[in-house]
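Q:
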Amino acid sequence: MNKLVVFLTLITVLSGCQNPIGTETALVNGQMNPIDTMQADALIETHISEPPQIEYPGFSISRTDFMLMSYISFSENEIIKYDRKSNIHEEWLFDSVVKTDTAEYLVYQIGHDVADEGSENQRFVTAQWVYLDTAKGVLYEYDVPNECLDKWTYENDRQLFYPVYELSPKTTALVVPLSAIGERRGLLDSIFNEIAKADGIYATEGIPKTHTMYDSSGYYKLLKSSKLETAFRQYFDREFYVYGTEGFTKTKVKDIVYGLDQCMSNIFAFCFDRKTLKSIGHPVFCSDKLIDLNYGKDYSIIEKTIQDYDARHPGDYSDSIKTKTFAHVGEFYFTYNDDFLWAQKNNKSKCKFPSRAIYWADTKGSVDHFWADGLDLFGIPCD
């Protein structure tokens with residue numbers, strides 16, 4: 151990857167920003183509104199020839215490269231989207247390090263080289279400036295009209311990808327697992343725990359008084375609480391693109407329920423109207439962003455590479471279901487481990503750990519996990 155140094159005076163450019171970097175992301179009309187901005191008088195700009203690399207232990211590429219590649223592959227920037235569709239190869243150019251009193255940012259330009267006829271006057275055309283928070287591993291887009299930074303990556307309540315599972319013959323849902331004991335609690339966990347205490351969810355045998363049975367036809371007994379649904383809906387009251395094995399569609403969350411079990415993964419389920427999903431095969435994952443997925447005809451070579459990678463990184467528990475690749479964007483491959491039979495009662499499914507994952511893989515045979523999410527239907531805590 152070409153790493154050129156392009157010097158720019160950022161202090162002047164960012165002088166219109168009003169709020170200091172690090173302010174919390176606000177909720178406006180039920181939507182996440184990224185208002186993180188950088189104050190000009192807090193900036194200290196440093197120019198170096200090569201950026202420091204944020205490493206992932208055991209990974210074949212740096213965390214910095216991972217974040218930049220994912221931005222190029224999944225950004226909704228109109229120029230970058232056009233270049234993706236036109237098979238124009240985007241690159242990143244390191245510019246500088248910008249420091250505030252609370253953080254340090256690596257500044258990059260995203261774009262590509264162009265030249266006049268005869269390959270003369272070669273120059274780099276910038277589609278987007280991005281800033282990487284080196285400590286938190288968060289990527290920001292530079293908003294030119296408003297002269298400030300907007301978060302592109304999020305944690306907890308808003309992600310780029312969510313897994314979608316067929317939980318029963320009646321229910322297909324975006325699924326968010328509750329955090330296990332000892333894991334970092336997210337926003338949804340905190341909201342649920344407050345309601346659980348008030349409604350006596352954990353202290354009640356059976357269904358709490360104010361809750362109702364939503365669906366008991368699958369692996370989980372899914373319960374509905376109007377209080378929980380109201381609290382959660384403000385974070386998921388938007389349209390999602392649901393991607394399946396045979397295409398994608400756009401739809402909204404219809405119902406919000408939860409499923410608790412002493413042994414299996416506990417889940418929040420954001421249910422879709424199954425009628426809207428008929429044309430996409432088996433739903434696999436969703437996003438509030440339109441992803442330029444390519445559905446290839448033959449992934450046998452990359453699939454073997456990914457399966458070899460999985461074999462070198464075994465978990466303590468596994469089943470016989472192999473990783474299946476169904477689509478890709480650039481060097482990111484979208485996969486699932488699922489036979490789509492376990493949601494049916496009295497089935498013969500051998501799938502105990504259904505999962506969704508995205509792998510990064512290059513032509514040299516290097517493979518790494520980019521994103522993954524899964525369920526434990528076996529019940530590891532009770533084993």
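For the sequence shown, my numbering assigns the number 151 to the initial residue and increments by one for each residue that follows. Note that CB positions come from ideal geometry on N, CA and C, so glycine has one too. It should be emphasised that the depicted structure is a prediction, and the values quoted were computed from it without experimental measurement.
#1: Between which two residues does the beta strand (DSSP E) holding Met217 run?
#2: For a test of the three-state rule: what should DSSP assign to Gln457, helix, strand or coil?
#3: May I ask you to report which of helix, strand or coil DSSP gives Ile238?
#4: Based on Cα-Cα distance, which residue from Ser367, Leu243 and Gly480 lies nearest to Asn497?
#5: Consult DSSP for Ser340 and reduce its assignment to one of helix, strand or coil.
#6: For Ser468, tell me which candidate among Lys502, Tyr258 and Lys514 has the shortest Cα-Cα distance.
#7: Please classify Val392 as buried or exposed, where buried requires at least 16 neighbouring CB atoms within 10 angstroms.
#8: Kindly confirm or deny that the stretch 440-451 and the stretch 471-485 touch, where touching means at least three C-beta pairs closer than 8 angstroms.
#9: Looking at C-alpha atoms only, which residue of Leu525, Phe390, Pro504 and Phe224 is the closest neighbour of Leu410?
#10: I need the straight-line Cα distance from Ile471 to Arg506, nearest angstrom please.
#11: Applying the 10 Å Cβ sphere with the 16-neighbour rule, what's the burial state of Asp245?
#12: Tell me whether the stretch 281-290 and the stretch 307-323 touch, counting them as touching only if at least three CB pairs, one residue from each stretch, are closer than 8 angstroms.
#13: Is it right to say Val275 is buried, meaning 16 or more other beta carbons lie within 10 angstroms of its own, or is it exposed?
#14: Where do the ends of the alpha helix (DSSP H) carrying Arg383 lie?
#15: So His519 is in the beta strand (DSSP E); what residue range does that whole segment cover?
#16: Can you give me the Cβ contacts of Ala522 inside the same chain, cut-off strictly under 6 angstroms, excluding the 5 residues immediately before and after it?
#17: Just to check my reading of the structure: Ala277 and Asn227 have Cβ atoms closer than 8 angstroms, yes? What is that Cβ distance to the nearest angstrom?
#18: Flag this pair as touching only if the stretch 249-256 and the stretch 266-273 have three or more C-beta atom pairs under 8 angstroms; answer yes or no.
#19: Nearest to Asn487 by alpha carbon, out of Phe224, Asn296 and Pro313?
A: Based on what the coordinates show:
#1: That residue, Met217, is in no beta strand (DSSP E); its alpha helix (DSSP H) goes Arg213 to Phe224.
#2: Annotated three-state conformation of Gln457 is helix, per DSSP.
#3: coil
#4: Out of Ser367, Leu243 and Gly480, the CA that lies nearest to the CA of Asn497 is found in Ser367.
#5: In this structure, Ser340 counts as helix in the three-state DSSP scheme.
#6: Lys502
#7: With 16 or more Cβ atoms within 10 Å of its Cβ, Val392 is classed as buried.
#8: Output reads yes: the stretch 471-485 touches the stretch 440-451.
#9: Ranking Leu525, Phe390, Pro504 and Phe224 by Cα distance to Leu410 puts Leu525 first.
#10: 12 angstroms
#11: Burial is judged here by how many other beta carbons sit within 10 angstroms of a residue's own beta carbon; Asp245 has at least 16 and is buried.
#12: no
#13: exposed
#14: Ser376 to Phe386
#15: Val517 to Gly524
#16: Ala507
#17: 6 angstroms
#18: Using a C-beta cut-off of 8 angstroms, the stretch 249-256 makes no contact with the stretch 266-273, since fewer than three inter-stretch Cβ pairs fall below that distance.
#19: Pro313
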